[in-house]
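Numbering (the numbering used here), first residue to last: 13 to 320. Right, one structure below, let's go through it.
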Amino acid sequence: MTAAPPSGMGPRDFAVAAAMNILWGLNIIAVKMAVDAVEPFTAALLRQLLVFAICLPALRIVPGRMRALLALGALSGGLFYVAINLSLAVADNVSALAIAGQLGVPFSMLLAVIVLKERIHLARLGGVALAMGGVAMLVFDPAIASESLGIGLTAIGSFIWAACSLIQRRLIGVPVLTIYAWVGLMGALVLLPVALWFEPQAVRAIPAIPLADFGWIVFSAAGSTVIGQGAMSWLLQRHPVSSVVPLTLAAPVISVIVASLFFATPLTPMMILGGVVALTGVAIVTIRTARVKEAADAGRDRDSVAKS
Numbered sequence: 013m014t015a016a017p018p019s020g021m022g023p024r025d026f027a028v029a030a031a032m033n034i035l036w037g038l039n040i041i042a043v044k045m046a047v048d049a050v051e052p053f054t055a056a057l058l059r060q061l062l063v064f065a066i067c068l069p070a071l072r073i074v075p076g077r078m079r080a081l082l083a084l085g086a087l088s089g090g091l092f093y094v095a096i097n098l099s100l101a102v103a104d105n106v107s108a109l110a111i112a113g114q115l116g117v118p119f120s121m122l123l124a125v126i127v128l129k130e131r132i133h134l135a136r137l138g139g140v141a142l143a144m145g146g147v148a149m150l151v152f153d154p155a156i157a158s159e160s161l162g163i164g165l166t167a168i169g170s171f172i173w174a175a176c177s178l179i180q181r182r183l184i185g186v187p188v189l190t191i192y193a194w195v196g197l198m199g200a201l202v203l204l205p206v207a208l209w210f211e212p213q214a215v216r217a218i219p220a221i222p223l224a225d226f227g228w229i230v231f232s233a234a235g236s237t238v239i240g241q242g243a244m245s246w247l248l249q250r251h252p253v254s255s256v257v258p259l260t261l262a263a264p265v266i267s268v269i270v271a272s273l274f275f276a277t278p279l280t281p282m283m284i285l286g287g288v289v290a291l292t293g294v295a296i297v298t299i300r301t302a303r304v305k306e307a308a309d310a311g312r313d314r315d316s317v318a319k320s
């Protein structure tokens, strides 16, 4: 039986959670600035190369998990950033994309039902409906009608993220730095030909990228990916899922607010309403799913004790 992590969260834990949310929340600004300065696919390529370089010491073959690691790397490190970086490149109202990005949670829930045959009860089903309904409200806001392409690409990226969440279930126990070493490597292998084909001039100009522009990419790679995900892993090792996961709900709120302030784009009444509805749905799904997972883990622990 594995000892349950301590449930009481102290000041250090909350400080780590706050830093994690700030890094994730600010990341949308960093990515938008990077894709505008460098080009979307080249910026994504550089990000994954940096992630790979940072996590390289943790790269290793994991017996029995390599198919999942390679698939996760190609999807999460490659195709996901093709969609997301392109969405940010074509959009002006980044806050709208931050709201649309919340589709990842309901998509992952629906994929779990379809692919893994999981059963969900009324509360989580209602959360899925609210999340999707909130994002759908954005489409009917005349003030952001021009962002339809960006919202659509973000929805595609969210679906890819949801598929990756299913793959990650097969990687429980694999160190987070090992996972992201493979994500960085496979992502770079996917993005390199894409960048060379669509952005050859940007690739050739990589040595001339201004330090300030390169700093945005470093922030995304080191701050959001490595430190942010590392903080999440650290918290999950110390506390129950149901205590940690709800703390991540601050990140999209930060993204919406700081994007509006930084880029001076309006938060219309329809956007605010859609965002509140979507985030409420995401909160319901996230919290309920965390509780279900914790209950299932506790049941497995009791079974293992009974058999020992």
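Quick reminder that beta carbons are idealized off the backbone N, C-alpha and C, glycines included.
Tell me, to the nearest whole angstrom, how far the beta carbon of residue i is from that of residue j; I am working on the premise that it is less than 8 Å.
{"i": "ALA101", "j": "MET198", "result": "Between MET198 and ALA101 the Cβ distance is about 22 Å, and since that is not below 8 Å, they are no contact."}
{"i": "VAL147", "j": "ALA290", "result": "5 Å"}
{"i": "LEU35", "j": "GLY235", "result": "5 Å"}
{"i": "LEU150", "j": "MET283", "result": "7 Å"}
{"i": "LEU287", "j": "VAL268", "result": "Note on identity: in this sequence residue 287 is Gly, with Leu being the wrong assignment. The pair is a contact, with the Cβ atoms about 6 Å apart (cut-off 8 Å)."}
{"i": "ALA46", "j": "ILE239", "result": "With a Cβ gap of about 17 Å, ALA46 and ILE239 do not count as contacting."}
{"i": "ARG24", "j": "SER232", "result": "Their Cβ separation, rounded to whole angstroms, is 25 Å, which puts ARG24 and SER232 out of contact at 8 Å."}
{"i": "SER245", "j": "VAL188", "result": "4 Å"}
{"i": "ALA29", "j": "LEU261", "result": "That belief does not hold up - the Cβ atoms of ALA29 and LEU261 are roughly 11 Å apart, past 8 Å."}
{"i": "VAL74", "j": "VAL186", "result": "6 Å"}
{"i": "ALA124", "j": "ARG300", "result": "Between ARG300 and ALA124 the Cβ distance is about 13 Å, and since that is not below 8 Å, they are no contact."}
{"i": "ALA65", "j": "ASP225", "result": "In fact, because the Cβ distance is near 18 Å, the residues do not count as touching under 8 Å."}
Could you have a look at residue i and say whether DSSP puts it in helix, strand or coil?
{"i": "LEU128", "result": "coil"}
{"i": "ASP225", "result": "helix"}
{"i": "PHE152", "result": "coil"}
{"i": "SER267", "result": "helix"}
{"i": "LEU208", "result": "helix"}
{"i": "ILE163", "result": "helix"}
{"i": "ASN105", "result": "coil"}
{"i": "ALA217", "result": "coil"}
{"i": "ARG300", "result": "helix"}
{"i": "LEU35", "result": "helix"}
{"i": "PRO281", "result": "helix"}
{"i": "LEU115", "result": "helix"}
{"i": "MET21", "result": "coil"}
{"i": "ALA290", "result": "helix"}
{"i": "PRO75", "result": "coil"}
{"i": "VAL28", "result": "helix"}
{"i": "ILE184", "result": "coil"}
{"i": "ALA143", "result": "helix"}
{"i": "ALA65", "result": "helix"}
{"i": "PRO6", "result": "No answer is possible for residue 6: it lies beyond the span of the chain, which begins at 13 and ends at 320."}
{"i": "PRO258", "result": "helix"}
Taking the Cβ atom as the reference point for each residue, do residue i and residue j lie within a distance shorter than 8 Å?
{"i": "LEU203", "j": "LEU57", "result": "yes"}
{"i": "ALA193", "j": "LEU82", "result": "no"}
{"i": "GLY169", "j": "ALA95", "result": "yes"}
{"i": "GLU211", "j": "PHE53", "result": "yes"}
{"i": "GLY37", "j": "ILE179", "result": "no"}
{"i": "ALA110", "j": "ILE40", "result": "yes"}
{"i": "ARG182", "j": "ALA295", "result": "no"}
{"i": "SER255", "j": "MET21", "result": "yes"}
{"i": "LEU285", "j": "SER107", "result": "no"}
{"i": "ALA143", "j": "GLY293", "result": "yes"}
{"i": "GLU159", "j": "ALA103", "result": "yes"}
{"i": "LEU61", "j": "ALA200", "result": "yes"}
{"i": "ASN105", "j": "THR237", "result": "no"}
{"i": "ALA217", "j": "ALA207", "result": "no"}
Using a Cβ distance threshold of 8 Å, determine whether the stretch 115-127 contacts the stretch 163-175, with at least three qualifying pairs required.
yes
Would you check if there are 3 or more beta carbon pairs closer than 8 Å linking the stretch 104-116 to the stretch 211-223?
no
Report yes or no: do three or more beta-carbon pairs, one from the stretch 131-141 and one from the stretch 269-276, lie closer than 8 Å?
No: the two stretches stay apart, fewer than three of their Cβ pairs being nearer than 8 Å.
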